[in-house]
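Chemist:
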Amino acid sequence: MRTRLRTAAAGLALTLASTLGVVAASPATAADPVGFAKVSSCADPQLNAFDNWSGHTLGAYKDTNWVPQGMTYDSAGDYLYVSMYHRDAAEVPRVVVYKRSTSAWVKTIELSGVPKTGHAGGLTIGRGNLYVADSVGGARIYRIPIDRIRAVPAGTRKAVGYAARYTLNSLTRASYVDYDGGSLFVGDFYNNVMRRYPTSAAGVVTLTPNASYSTPTIVQGVQVTSSRFVFSRSWGRDNLSKVTTQVRSTGARTSHNTLPMMEGIVWAPQSAGSSVNRLYSVFESTSKEYADSNCRTHAIWSASSGYIL
Numbered sequence: 008m009r010t011r012l013r014t015a016a017a018g019l020a021l022t023l024a025s026t027l028g029v030v031a032a033s034p035a036t037a038a039d040p041v042g043f044a045k046v047s048s049c050a051d052p053q054l055n056a057f058d059n060w061s062g063h064t065l066g067a068y069k070d071t072n073w074v075p076q077g078m079t080y081d082s083a084g085d086y087l088y089v090s091m092y093h094r095d096a097a098e099v100p101r102v103v104v105y106k107r108s109t110s111a112w113v114k115t116i117e118l119s120g121v122p123k124t125g126h127a128g129g130l131t132i133g134r135g136n137l138y139v140a141d142s143v144g145g146a147r148i149y150r151i152p153i154d155r156i157r158a159v160p161a162g163t164r165k166a167v168g169y170a171a172r173y174t175l176n177s178l179t180r181a182s183y184v185d186y187d188g189g190s191l192f193v194g195d196f197y198n199n200v201m202r203r204y205p206t207s208a209a210g211v212v213t214l215t216p217n218a219s220y221s222t223p224t225i226v227q228g229v230q231v232t233s234s235r236f237v238f239s240r241s242w243g244r245d246n247l248s249k250v251t252t253q254v255r256s257t258g259a260r261t262s263h264n265t266l267p268m269m270e271g272i273v274w275a276p277q278s279a280g281s282s283v284n285r286l287y288s289v290f291e292s293t294s295k296e297y298a299d300s301n302c303r304t305h306a307i308w309s310a311s312s313g314y315i316l
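Mapping the sequence shown onto my numbering, position 154 (from 1) lands on 161, and the numbers just tick up by one.
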């Protein structure tokens, strides 16, 4: 981790800030999870493993009231999509498009029809659609034809409406989502459960799940492969985050420590397990809402498939 700190002038670095004794960002109604120790700074030895990650400073939306949440990858353009909500619910959530190789800003999509109080906590692309997970009004999935997103010109901000909204009554919340093998995998942060929902060839979501999975606690994002689930997990402004890999056949889990406030994750630019593939992630500490955190970052970070798996 100390190596990363020495690159501050290059823009890859983490910003150190002293704690002001604030209440953790996560709701106080749940007990603090076990194994997510507090860190004193980004140089904390508990974060030494993060030297396996590399990053590029965000080209837009750092140190604003916008808070990063979900993440997905669009191979058409080699783009990373990051969903964000406004901390003061002043505007509808949005999807910010970045160039994967540099984190340069490309364009901004306002999610017309998604409540301003929504967090748009999960994103995924499948069946020619962008799916957005949100929990206002129940566990909801918004389906947006991907062509509507791609048609927005670079360098602009534009509102885009959804084609359909699905309420998943078998879940309390839709905290995160991934697409794999014709199905959506939708999880609930608070109840440690993820369910699988088939989709039609056109991307229409079946409301009744055909599988259910127990997950680790405090999951913020997931990537699904044929043999594993990879979860991002975080809790609190100054606590370690973790990437946890779970073997689907046995439930066995292994974890790596990462920076506080980890959110969405996505494999890019190829499928999981590829030698050139990397796991990308965003962090809530990008927002000025968390300026008093002991360890912040303004970058999109990635680690190799070989390290994660």
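For every residue, glycine included, the Cβ atom is placed at its ideal position computed from N, Cα and C.
In this structure, what does DSSP give as the bridge partners for Phe-236?
Modeler: Its beta-bridge partners are Val-231, Gln-253.
Chemist: If you follow the beta strand (DSSP E) that Ser-90 is in, where does it begin and where does it stop?
Modeler: Where Ser-90 is concerned, the enclosing beta strand (DSSP E) stretches over 86 to 93.
Chemist: Helix, strand or coil for Val-29? Go by DSSP, reduced to three states.
Modeler: Because Val-29 sits at a pLDDT of 29, beneath the cut-off of 50, its placement in the model cannot be relied upon, and the point is left open.
Chemist: Considering only DSSP beta bridges, list what Phe-185 is partnered with.
Modeler: At residue 185 the sequence reads Asp, which differs from the Phe that was named. In the DSSP output, where bridge partners are listed per residue, Asp-185 has Phe-192.
Chemist: In the DSSP assignment, find the unbroken beta strand (DSSP E) run with Tyr-105 in it and report its ends.
Modeler: Where Tyr-105 is concerned, the enclosing beta strand (DSSP E) stretches over 101 to 106.
Chemist: Could you have a look at Ser-300 and say whether DSSP puts it in helix, strand or coil?
Modeler: Three-state result, Ser-300: coil.
Chemist: Would you say Pro-75 and Thr-224 are within 8 Å of each other, going by their C-beta atoms?
Modeler: It is not a contact, given that the beta carbons lie outside the stated cut-off.
Chemist: Considering only DSSP beta bridges, list what Gly-133 is partnered with.
Modeler: Paired residues: Asn-136.
Chemist: On the three-state DSSP scale, how would you describe Thr-1?
Modeler: No information on residue 1 is available, as it lies outside the stretch 8 to 316 that the chain covers here.
Chemist: Return the residue from the list Trp-60, Ser-61, Val-102, Leu-316 that minimises the CA-CA distance to Arg-155.
Modeler: Of the candidates Trp-60, Ser-61, Val-102, Leu-316, the one whose C-alpha sits nearest the C-alpha of Arg-155 is Val-102.
Chemist: Between Ser-177, Val-139, Val-193, which lies nearest to Val-167 when the distance is taken from Cα to Cα?
Modeler: Nearest option by C-alpha distance: Val-139.
Chemist: Assign Ala-35 to one of three DSSP states: helix, strand, or coil.
Modeler: Low per-residue confidence applies at Ala-35: pLDDT is 30, beneath 50, and the placement is therefore not dependable, though the value from the model is reported in the following sentence. Coil at Ala-35, not helix or strand.
Chemist: Using a Cβ-Cβ cut-off of 6 Å (strictly less than) and excluding sequence neighbours within five positions of Met-268, which residues of its own chain qualify?
Modeler: The residues are Ser-241, Phe-290, Glu-291, Ser-292.
Chemist: Who are the near neighbours of Val-78 in its chain, counting only those whose CB is closer than 8 Å to its CB and skipping five residues on each side?
Modeler: Per the sequence shown, the amino acid found at residue 78 is Met instead of Val. Leu-87, Tyr-88, Val-89, Ser-90, Leu-130, Gly-228, Glu-270, Gly-271, Ile-272, Val-273, Tyr-287, Ser-288, Val-289, listed in sequence order.
Chemist: Would Phe-192 pass as a contact of Ser-182 if the rule is Cβ separation under 8 Å?
Modeler: Against a cut-off of 8 Å, the Cβ pair of Ser-182 and Phe-192 comes out as no contact.
Chemist: Decide if the stretch 293 to 307 is in contact with the stretch 201 to 214; the criterion is three or more beta carbon pairs, one per stretch, under 8 Å apart.
Modeler: No: fewer than three Cβ pairs fall under 8 Å.
Chemist: What does the Cβ neighbour count give for Gln-230, buried or exposed, with the cut at 16 atoms within 10 Å?
Modeler: So Gln-230 ends up on the buried side.
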